[in-house]
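If you count by the working numbering, then the first sequence holds residues 125 to 551, one letter each, in order. Quick reminder that beta carbons are idealized off the backbone N, C-alpha and C, glycines included.
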Amino acid sequence: MICLIDPKVIRENYALVKKNLEMRRDSSIIKKLDNWVSQDKEWRILKQEVDDLRAKRNTITEEIKVAKAKGKDMKPLLEKAKSLPNEIKKKEVRLKELELENRPLLMSIPNMLLDDVPYGKDGTENVVVRKGGEISKKDFEVVHHGQVASKLGVADFERAVKISGEGFYSLKGDLALLNLALVNFAVDLLGKKGFRLVIPPAMMTKKAYEGVTDLSDFESVMYKIEGEDHYMIATAEHPLTAMHMDETFEEKDLPLLYVGYSTNFRKESGRHGLEERGLFRLHQFDKVEQIVFCKTEDSSKWHEELVKNAEEFVKAMELPYRVIKICTGDIGTVAAKKYDIECWSPREQSYFETHSLSNCTSYQASRLNIKYRKGSEKEFVHTLNATEVAIPRMLRAIIENHQTKQGTIKIPKALVPYMNGKTEIKA
RNA sequence: GCUGAGGUGGCAGAGUGGUCAAAUGCGGCGGAUUGCUAAUCCGUUUCCCGAAAGGGAGCACGAGUUCAAAUCUCGUCCUCAGCGCCA
Numbered sequence: 125m126i127c128l129i130d131p132k133v134i135r136e137n138y139a140l141v142k143k144n145l146e147m148r149r150d151s152s153i154i155k156k157l158d159n160w161v162s163q164d165k166e167w168r169i170l171k172q173e174v175d176d177l178r179a180k181r182n183t184i185t186e187e188i189k190v191a192k193a194k195g196k197d198m199k200p201l202l203e204k205a206k207s208l209p210n211e212i213k214k215k216e217v218r219l220k221e222l223e224l225e226n227r228p229l230l231m232s233i234p235n236m237l238l239d240d241v242p243y244g245k246d247g248t249e250n251v252v253v254r255k256g257g258e259i260s261k262k263d264f265e266v267v268h269h270g271q272v273a274s275k276l277g278v279a280d281f282e283r284a285v286k287i288s289g290e291g292f293y294s295l296k297g298d299l300a301l302l303n304l305a306l307v308n309f310a311v312d313l314l315g316k317k318g319f320r321l322v323i324p325p326a327m328m329t330k331k332a333y334e335g336v337t338d339l340s341d342f343e344s345v346m347y348k349i350e351g352e353d354h355y356m357i358a359t360a361e362h363p364l365t366a367m368h369m370d371e372t373f374e375e376k377d378l379p380l381l382y383v384g385y386s387t388n389f390r391k392e393s394g395r396h397g398l399e400e401r402g403l404f405r406l407h408q409f410d411k412v413e414q415i416v417f418c419k420t421e422d423s424s425k426w427h428e429e430l431v432k433n434a435e436e437f438v439k440a441m442e443l444p445y446r447v448i449k450i451c452t453g454d455i456g457t458v459a460a461k462k463y464d465i466e467c468w469s470p471r472e473q474s475y476f477e478t479h480s481l482s483n484c485t486s487y488q489a490s491r492l493n494i495k496y497r498k499g500s501e502k503e504f505v506h507t508l509n510a511t512e513v514a515i516p517r518m519l520r521a522i523i524e525n526h527q528t529k530q531g532t533i534k535i536p537k538a539l540v541p542y543m544n545g546k547t548e549i550k551a
């Protein structure tokens, strides 16, 4: 698989890279690519010049050393050497400048897409892969999940907003317990499949963060701690992927399977309409995430595996859902291929996104310099990340699908042992 | 947060302006030898540019002094020990 951040790859496969990126249907990407290519050319020429000058300096330095040892006159050599540092420095300034411009440019170019990503212009052309679960007819009007929770006294939006502003919530009593139950169930489910639980730091430095995300996210998504080099994590995917920065694995140690549990923080500066109210577009939420580091040839297989794991979870929650394959025009910067899982909303009579599952191929690994030894060679690993459960959205799905005529919430059987045997949330 | 010590190759650990990509030991990989194993010996073990020959960079990171920096100066980060504060 082609890895984009590797300059060599673009130099050698320009036509292929361009053709692939064109499928994303965003002309600004190609502009960036071409911009990089021409700057890279200038950089290589300059690098050769600088290296030649340095070689010259090294030879003279060696001659001075010899002359000194033999007690010869070093003056003419010193004269000759005198001007070199300045000459080098002059060229180095431009070289550095080019590097500083080129790197972010290269980093802003999205990942190459895999062959079986459906071609399409935007979200309307995503493809439904399959559906699961039964959509049951309700003989009563399904109430908004936020209202149900408030009425039952298990969520408090007003007081959360009072102290923290819009986009925050408090869970109380049994709904708070349900949050923990979902986390524990997810962790157990994946634990049985060999995924190791990690609770990562909630903040990361910029350097670590650059490797795992789109640069524009720094403005639009992440919270920065004022006066410090710290960003609040937007998902466990970020610390769990970045933590292996600058490491080389042995082939036998792969795949590496992690289940990350974290509280996540996002600006979510988009619209907050009526339908987004409640437990949907929040600044803070818990999530359990699947993370895989694997050999290049195994990532597609693992991608399917992660989808299965997420489906298994949704099925255990007794929810109707569908799996969507994201098309070329709608896929994010980092992913080479992406699925979403959407759960049914009986109130809106439509599906809403609860899971996102990406194969990032070598895109993150190359930025983070994560490799594995393949015989005598080293190769970038492939990274994958997938939601196992994003708590608030899952709570919403459960509250809507399992609410009763009486306004209570039935707890899915799989979660009952995690709820101290409780089967229903009542007032 | 304060004080002190320190950060060198995959690991351990020398080196205090040019003889240092860096002794030595351990490990990894390749090869030789032994009937197998063990032992022994030889080579190899980072990144960048280049078709190659070759060249450059690299001793926590960044800047500076110098013809020349692991080595000198300044800043930053991190680790360890002690003190302070603290869930």
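Report task. Look up SER274 in the DSSP assignment and say whether it is helix, strand or coil. Result -> Numbered from its first residue, the first sequence carries residue 274 at position 150. If DSSP states are grouped into helix, strand and coil, SER274 belongs with the helices.
Query raised in the report: Whose C-alpha, out of THR359, THR329, GLU173, is nearest the C-alpha of GLU352?
Result: By one-based count along the first sequence, residue 352 stands at place 228. For the residues THR359, THR329, GLU173, the minimum Cα distance to GLU352 belongs to THR329.
**Report entry** alpha helix (DSSP H) segments (min. 4 residues) lying fully within the segment 338-389
**Finding:** 341-344, 361-366
Query raised in the report: Hey, quick one: how far does the alpha helix (DSSP H) through ASP176 stretch, first residue to last?
Result: The residue labelled residue 176 in the question sits at position 52 within the first sequence. Note, ASP176: alpha helix (DSSP H), 151-193.
Query - Straight-line gap, TRP426 to VAL416 (C-alpha atoms, nearest Å) - result: Working through the first sequence from its first residue, we reach residue 426 at position 302. Working through the first sequence from its first residue, we reach residue 416 at position 292. Looking at the two C-alpha atoms, the distance is approximately 8 Å.
Query raised in the report: Does the count of Cβ pairs from the segment 535-547 and the segment 438-458 closer than 8 Å reach three?
Result: Short answer: they touch.
Requested in this report: Tell whether a beta-carbon distance below 7 Å holds between LEU238 and LYS498.
Outcome: Reading the first sequence from its first residue, position 114 is the one you call residue 238. Reading the first sequence from its first residue, position 374 is the one you call residue 498. Not in contact: LEU238 and LYS498 (Cβ atoms no closer than 7 Å).
Query raised in the report: How would you write the range of the alpha helix (DSSP H) that GLU221 sits in, first residue to last?
Result: As a working note, residue 221 is residue 97 in the first sequence. Its alpha helix (DSSP H) spans residues 208-231.
Query - Beta-ladder partner(s) of HIS506, from DSSP - result: Translated into the one-based positions of the first sequence, residue 506 becomes position 382. Note: HIS506 sits in a beta bridge opposite CYS418.
**Report entry** PRO516 classed as buried or exposed, judged by whether at least 16 other C-beta atoms fall within 10 angstroms
**Finding:** In the first sequence, counting from the first residue as 1, residue 516 sits at position 392. PRO516 comes out buried.
Query - Nearest-angstrom Cβ-Cβ length linking ARG149 and GLY453, presumed shorter than 8 Å - result: In the first sequence, residue 149 corresponds to position 25, counting from 1. In the first sequence, residue 453 corresponds to position 329, counting from 1. So it is a contact: roughly 5 Å between Cβ atoms.
Query raised in the report: If you count every other CB in all the chains shown that lies within 10 Å of the CB of GLN172, and 16 or more means buried, which is it?
Result: Residue 172 sits at position 48 when you count from the first residue of the first sequence. GLN172 comes out exposed.
Query raised in the report: Is the CB-CB distance between ALA489 and PHE504 below 7 Å?
Result: Residue numbering aside, residue 489 sits at position 365 when the first sequence is read from its first letter. Residue numbering aside, residue 504 sits at position 380 when the first sequence is read from its first letter. Yes, Cβ-Cβ distance for ALA489 and PHE504 is below 7 Å.
Requested in this report: Report yes if the C-beta distance between ASN303 and LEU295 is below 7 Å; otherwise report no.
Outcome: Sequence index remark: in the first sequence, residue 303 carries index 179 (1-based). Sequence index remark: in the first sequence, residue 295 carries index 171 (1-based). Yes, these two residues count as a Cβ contact at 7 Å.
Report task. In angstroms with no decimal places, state the Cα-to-Cα distance between GLU477 and CYS467. Result -> Taking the first residue of the first sequence as 1, we reach residue 477 at position 353. Taking the first residue of the first sequence as 1, we reach residue 467 at position 343. The straight-line gap separating the alpha-carbon atoms of GLU477 and CYS467 is approximately 6 Å.
Query raised in the report: What did DSSP end up calling ALA538 once you bin it into helix, strand or coil?
Result: Counting from one through the first sequence, the residue named residue 538 turns up at place 414. In this structure, ALA538 counts as helix in the three-state DSSP scheme.
Requested in this report: Taking GLU221 as the reference, give the member of PRO234, ARG168, ASN250 with the closest Cα.
Outcome: Residue numbering aside, residue 221 sits at position 97 when the first sequence is read from its first letter. GLU221 has its Cα closest to that of ARG168, out of PRO234, ARG168, ASN250.
**Report entry** Between the CA atoms of LYS331 and HIS354 - distance to the nearest angstrom
**Finding:** One-based indexing of the first sequence puts residue 354 at position 230. One-based indexing of the first sequence puts residue 331 at position 207. In a straight line, the C-alpha of HIS354 is about 10 Å away from that of LYS331.
Requested in this report: Under 8 Å Cβ to Cβ from MET543, same chain only, skipping five residues before and after it: list those, please.
Outcome: Counting from one through the first sequence, the residue named residue 543 turns up at place 419. Same-chain partners within the cutoff: ASP298, LEU301, LEU302, ALA305, ILE535.
Query raised in the report: Is SER311 buried or exposed, if buried means 16 or more other CB atoms sit within 10 Å of its CB?
Result: Residue numbering aside, residue 311 sits at position 187 when the first sequence is read from its first letter. Inspection of the sequence shows that residue 311 is occupied by Val rather than by Ser. Buried, since its Cβ has 16 or more Cβ neighbours within 10 Å.
Query - Nearest to ASP175 (by Cα), restricted to the options GLU216, VAL141, ALA284 - result: Reading the first sequence from its first residue, position 51 is the one you call residue 175. Checked all of GLU216, VAL141, ALA284; the closest Cα to ASP175 is GLU216.
Query raised in the report: Just the Cα atoms here: how many angstroms apart are LYS546 and MET518?
Result: Taking the first sequence and counting its residues from 1, one reaches residue 546 at position 422. Taking the first sequence and counting its residues from 1, one reaches residue 518 at position 394. One C-alpha to the other measures close to 18 Å.
**Report entry** GLN462 in three-state terms, based on DSSP
**Finding:** One-based indexing of the first sequence puts residue 462 at position 338. First, the amino acid is wrong: residue 462 is Lys here, not Gln. Correct three-state label for LYS462: strand.
Query raised in the report: Closest to GLU265 by CA distance: which of VAL278, ALA179, GLU524 is it?
Result: Against the first sequence, residue 265 aligns to sequence position 141. Nearest C-alpha to GLU265: GLU524.
Requested in this report: Express the C-alpha separation of ILE153 and HIS526 in angstroms, rounding to a whole number.
Outcome: Counting from 1 along the first sequence, the entry for residue 526 is found at position 402. Counting from 1 along the first sequence, the entry for residue 153 is found at position 29. Cα-Cα distance, rounded: 45 Å.
Query - Counterpart residues of ARG320 in DSSP-defined beta bridges - result: Within the first sequence, the letter at position 196 stands for residue 320. ARG320 pairs with TYR382.
Query - Residues that DSSP places opposite ASP410 in a beta bridge - result: Residue mapping note: residue 410 aligns to position 286 of the first sequence, counting from 1. Its beta-bridge partners are THR387.
**Report entry** Proximity below 7 Å, CB of GLY384 to CB of LEU364
**Finding:** Counting from 1 along the first sequence, the entry for residue 384 is found at position 260. Counting from 1 along the first sequence, the entry for residue 364 is found at position 240. The answer is yes: Cβ separation under 7 Å.
Report task. State the CB to CB distance for the pair THR372 and TYR487, rounded to an integer number of angstroms; the pair is presumed to be in contact (CB under 8 Å). Result -> Translated into positions along the first sequence, residue 372 becomes position 248. Translated into positions along the first sequence, residue 487 becomes position 363. Going by Cβ atoms, the distance from THR372 to TYR487 rounds to 18 Å, so no, they are not a contact pair.
Query raised in the report: Under the rule that 16 or more other beta-carbon atoms within 10 Å means buried, what is LYS192, buried or exposed?
Result: The sequence position of residue 192 within the first sequence is 68, counting from 1. Around the beta-carbon of LYS192, fewer than 16 other beta-carbon atoms lie within 10 Å, marking it exposed.
Query raised in the report: Span of the beta strand (DSSP E) holding PHE476?
Result: If you number the first sequence from 1, residue 476 lands on position 352. Segment 474-483, the beta strand (DSSP E) holding PHE476.
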